[in-house]
Structures are given as C-alpha cells and as structure tokens.
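Count along the sequence shown starting at 1, add 690, and that's the number in my numbering.
For every residue, glycine included, the Cβ atom is placed at its ideal position computed from N, Cα and C.
First the structure, in the form of structure tokens, and then the observations on it.
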Amino acid sequence: MMSWLLAGSTILALVVCYRFTLWAYRRSGAMPLLHPVFSLSAIVFAILILTPLSYVQFMEGGQYLLRCLELAIVALALPIYRSIRQLASGFARLAAGLALCSILLGMLAIGPLPWMGIDEAVWLSLAPKSVTTPVAYTLAEMMGALAPISALSVSITGAMGAFLGPYVLAKLAVEDPVVRGLSQGLTAHAFATAKLLENNPVEAGFSALGMGLNAIMTALWLPLAFAAFRAFSL
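If you want it as structure tokens, here you go:
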C-alpha cells in the first residue's frame, strides 16, 4: 500500500514539475537552459539531495514514466510513415549521406582531444553526443567511457541544436523540408524532433528518421573505430 502511495505521489510531483518547467521554457522564448530536460533534472536533483527520499524510492513512480518514454520513442515511427513516399525515391543516397554525417559528427566531437593528453574516458564520452541518451549511455559503457558525461553532452547538444538549428537554417536560406528535418534530427536528435512536432510534422518526420538512422549508424561504426584506435595506439 505504501509503495503504491509513494509511486502515485512521485508521478504526480513529476507531472506537476514538468508542466511548470514547460511553462517557464515557453514563457522564456525557448531559452535552451530552461528546457525541461535541464530545469526538471535540477528540480529532481534538489529533491533527492534535500529530502530523505532515496533514488530507489523515487523510481517507485519513475519506472512507470520510463515505460511511457519507451512508447513515445516507438511513436516517432508515425511521422516517418507519413513521409514514406518522399523517402522511398532517394533512400540509398539519403542513407549514404547520413552515414557520412554520422561519422563526421562523432569525429568533430572528439577533435584533437586524444592527442592533447585528455583522459581517454573523457573524450570517448563526447563521441556519441549527437545520438539519443539511451544509445549514448550504452555506447559509453561498452567503451569504458563516462556514461554520465555522455548523457550530459547529449542533452546540451540537443538543447542547443534545437534552439539554434532553425536560426542557422534560416540564415543559410535552406527551405527544403527534407534537408531541414534531417539536419536537425542528426544534430539535435529528440530535442529537435519534439520541437518540430509542435508545428511542422513534415520536418518532424525527417528529423525522426535522421535521429533513428544516426543512432543505428553510430552504434555500428563508433565501437569499431574505437577498437581500431586502440589497436594502432598500442
């Protein structure tokens, strides 16, 4: 009985806090640092630090919201399906371009850090910054990197990309919804997709596609690249 009461209270508190942080984010004009991912995380962190509530107790209710997140991720297939006709004609070229962009994004994230004396676990943590948090977290653990740093870099990249992406594309006079959607999904993953779903379902579909394919491709090439780097550096 107490566990159900605790779970219900946790869910209610999280929903209320989320609605508040979302309201504050929109009122601020979509300021990146006020995105619910950051502001709600700060609230949860404060609750766990300042109250007797433990993480295990907190997850009594959090686990149910986590399952809802899994359903939400699967639901991203809907905007992709709606854009399937536009995708079918040039899918091979599209996949090749996405693969190249996926590798470039990972390499640019690392840059010269391996040759600057930076700890390997640190720079490895930055490599998957343009994929979703679950994928980045798993890849970081596989390679012996710092998963929390990976999760943080994913959040910062997503928030900044979702905020700056439309501005940069407008300055470059990019109007093609395919290019706009894919570029934002590749760089800002779920953040950009969620923002595009609010008022541009076509771009959101391509953003979801870019996000999904980038996650798959990064999961394939990054461990291989890391293994090759290890082999040649020995």
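Would you give the residue range spanned by the alpha helix (DSSP H) that residue i belongs to?
i: H879; result: 867-887
i: V858; result: 837-861
i: A826; result: 823-833
i: M797; result: 781-800
i: P726; result: 726-740
i: L814; result: 810-816
May I have the straight-line CA-CA distance separating residue i from residue j, to the nearest angstrom?
i: M850; j: A878; result: 8 Å
i: I800; j: W694; result: 45 Å
i: C791; j: P742; result: 46 Å
i: V705; j: A917; result: 42 Å
i: V868; j: G902; result: 15 Å
i: G848; j: S840; result: 12 Å
i: L910; j: A898; result: 19 Å
i: S731; j: F881; result: 15 Å
i: V734; j: P726; result: 11 Å
i: S718; j: G787; result: 36 Å
i: R783; j: L872; result: 13 Å
i: N890; j: L723; result: 23 Å
i: A785; j: L816; result: 24 Å
i: S843; j: L740; result: 26 Å
i: F748; j: G834; result: 28 Å
Any idea if residue i is buried or exposed, counting beta-carbon neighbours within 10 angstroms, 16 or more meaning buried?
i: E750; result: buried
i: G855; result: buried
i: Q753; result: exposed
i: V858; result: exposed
i: F781; result: exposed
i: P804; result: exposed
i: K861; result: exposed
i: E888; result: exposed
i: A826; result: buried
Taking only heavy atoms of the ligand COA into account, decide whether any of them is closer than 8 Å to the Cβ of residue i.
i: L798; result: Because no ligand of any kind appears in the structure shown, any question about the ligand COA cannot be addressed here.
Please look up how many angstroms separate the CB atoms of residue i and residue j, rounded, as I've assumed it's under 8 Å.
i: L795; j: L876; result: 7 Å
i: T822; j: A905; result: 6 Å
i: M907; j: A789; result: 5 Å
i: A720; j: F853; result: 6 Å
i: L836; j: A811; result: 5 Å
i: P913; j: M832; result: 6 Å
i: L738; j: Y745; result: 6 Å
i: F710; j: S845; result: Wrong, their Cβ atoms sit about 19 Å apart, outside the cutoff.
Can you find a CB in chain D that lies within less than 9 Å of the CB of residue i?
i: N890; result: The structure shown contains no chain D; it is built from a single protein chain.
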